[in-house]
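To start, the structure under review is shown below, and the notes come after it.
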Amino acid sequence: MRACFTFSLLFLVLLCTPPIFAAETIEGKVVSVADGDTLTVLKGKEQVKVRLHGVDAPEKAQDFGTASRTFTSEACFGKEVTVEVKDTDRYGRKVGIVTLPDGRVLNHELVKAGLAHWYAAYARDDTTLKDLQDEAKSAKRGV
């Protein structure tokens, strides 16, 4: 009887505990865009800094830096987005894939427009970003 109770209790705990491999998802409104690949999402009352996964956009002072930031702002500022968190970087920012309200992926759109590079060191397996970068280079778009 005691073994049955212990097993039932263990089963209940496992059933109610989220799996450790479950991806974190953040949903909220974009309240700030620092540069082309960094933004802040308001999740409830918490501001969460987000770095785009697999993407490296020019800094403000670099060529295309302003264009990259403007593109990101126009795509998502003030809008509700979903962030699929992949990692947390050394600065404490969430690193993720940002999906816009219309279903497009901001990470992809930025590279497709030629306003960011595929960051192969951190997203080696993301062939979509590689293909979009190749396409932008062939079309001589952006950076």
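For what it's worth, my numbering labels the leading residue of the sequence shown as 10, then goes sequentially.
No residue lacks a Cβ here, since even glycine has one placed at the ideal position from N, Cα and C.
Small disclaimer: the values here were computed from a predicted structure and weren't measured.
With fewer than 16 neighbouring CB atoms inside 10 Å of its own CB, S41 falls in the exposed class.
When the beta-carbon positions are compared, L51 and L119 stay at least 8 angstroms from each other. Apart from sequence neighbours up to five positions away, the residues of its chain that approach F73 with a beta-carbon distance below 7 angstroms are P67, L124, G151 and V152, ordered along the chain.
Under the DSSP assignment, R60 falls in the beta strand (DSSP E) whose first and last residues are E55 to L61.
By the CB criterion at 8 angstroms, D96 and D65 fall outside the cutoff. Using a Cβ-Cβ distance cut-off of 8 angstroms, the stretch 109-119 and the stretch 80-93 are in contact, since at least three pairs of beta carbons, one from each stretch, lie closer than that value. Our two residues, A122 and A145, have alpha carbons roughly 7 angstroms apart in a direct line. No residue range can be given for G87, since it is assigned to no beta strand (DSSP E) and is classified by DSSP as neither H nor E. Each of S147, A148, T137 and A43 was checked against the Cα of G63, and the nearest Cα belongs to T137.
A Cβ-Cβ separation of about 5 angstroms places V92 in contact with V107 under the 8 angstroms criterion.
Of all alpha-carbon atoms in A148, R102, G53 and A132, the one lying nearest the alpha-carbon of A43 is that of R102. Under DSSP, G151 shares a beta bridge with no residue.
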